[in-house]
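Take a look at the structure set out below.
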Amino acid sequence: RKQHTIITMSGVWVFNKNGVMRLVENPYNQSDSSDSSSSGGSQQQRMRRKILVHLPTSEVVSSYGSLERILKGLGWERYYNGDNADHFLQFHKKTSIDLISLPRDFSKFNSIHMYDIVVKNPNVFHVRDM
1 RKQHTIITMS
11 GVWVFNKNGV
21 MRLVENPYNQ
31 SDSSDSSSSG
41 GSQQQRMRRK
51 ILVHLPTSEV
61 VSSYGSLERI
71 LKGLGWERYY
81 NGDNADHFLQ
91 FHKKTSIDLI
101 SLPRDFSKFN
111 SIHMYDIVVK
121 NPNVFHVRDM
């Protein structure tokens, strides 16, 4: 049976031979799990970590402190009234309906959150492979 793929902004959804779908964030660096023994490397080696870069300063966002400073400069404010305030950091702009929701733990900040920031701040941020 053929393997089918669906390309999305956050990666590629791959339908494996057994019919299970999984997200491959960087399809050019990760092979199908059935090929892993022949690839000579672990999955961790094949997957690249993503970084969020503030384009005007070339600063790599390495903490929520630096991200909050940049977002405040762009007119974003912390939003504290949400039901999930204990689990998420949230930012909103008075001039839009957009809301950025991030996991409170920075170690759980991933490419999906990065792309959300990029889409809501065009030409300001970029996601890159590390």
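Quick note: the sequence shown uses UniProt numbering, first residue 1, plus one each step.
Glycine included, each C-beta is placed from N, C-alpha and C at the ideal position.
Given the structure is predicted, the values throughout are model-derived calculations rather than measurements.
Inset, instruction - Count the other CB atoms, across all protein chains shown, that sit within 10 Å of the CB of N121; report buried if there are 16 or more and exposed otherwise. - result: Sequence index remark: in the sequence shown, residue 121 carries index 121 (1-based). N121 comes out buried.
Inset, instruction - Excluding the 5 residues preceding and the 5 following W76 in the sequence, name in chain order all residues of the same chain whose CB lies nearer than 6 Å to its CB. - result: Counting from 1 along the sequence shown, the entry for residue 76 is found at position 76. Contacts found: F91 and K93.
Inset, instruction - Using a threshold of 7 Å, state whether the C-beta atoms of M130 and R49 are closer than that. - result: Position 130 of the sequence shown, counting from 1, holds the residue named residue 130. Position 49 of the sequence shown, counting from 1, holds the residue named residue 49. In this structure, R49 lies closer than 7 Å to M130 by Cβ.
Legend entry - Same chain, Cβ closer than 8 Å to N123, neighbours up to 5 away in sequence not counted: Indexing the sequence shown from 1 puts residue 123 at position 123. Closer than 8 Å at Cβ, skipping near neighbours: L55.
Inset, instruction - Work out the CA separation of H87 and residue 186 for me, nearest whole Å. - result: The displayed coordinates of the chain run from 1 to 130. Any statement about residue 186 would go beyond what the structure contains.
Legend entry - K108 (DSSP reduced to helix, strand or coil): The residue you call residue 108 lines up with position 108 of the sequence shown. Reduced to three states, the DSSP call for K108 is helix.
Inset, instruction - Run the CB neighbour count on I70, radius 10 Å, all protein chains shown included, and call it buried at 16 or more, exposed below. - result: For the purposes of this step, residue 70 is identified with residue 70 of the sequence shown, where counting begins at 1. The residue is buried, with at least 16 neighbouring Cβ atoms inside 10 Å.
Legend entry - Which of helix, strand or coil DSSP assigns to V60: By 1-based counting over the sequence shown, the position of residue 60 is 60. Residue state, collapsed to three classes: strand.
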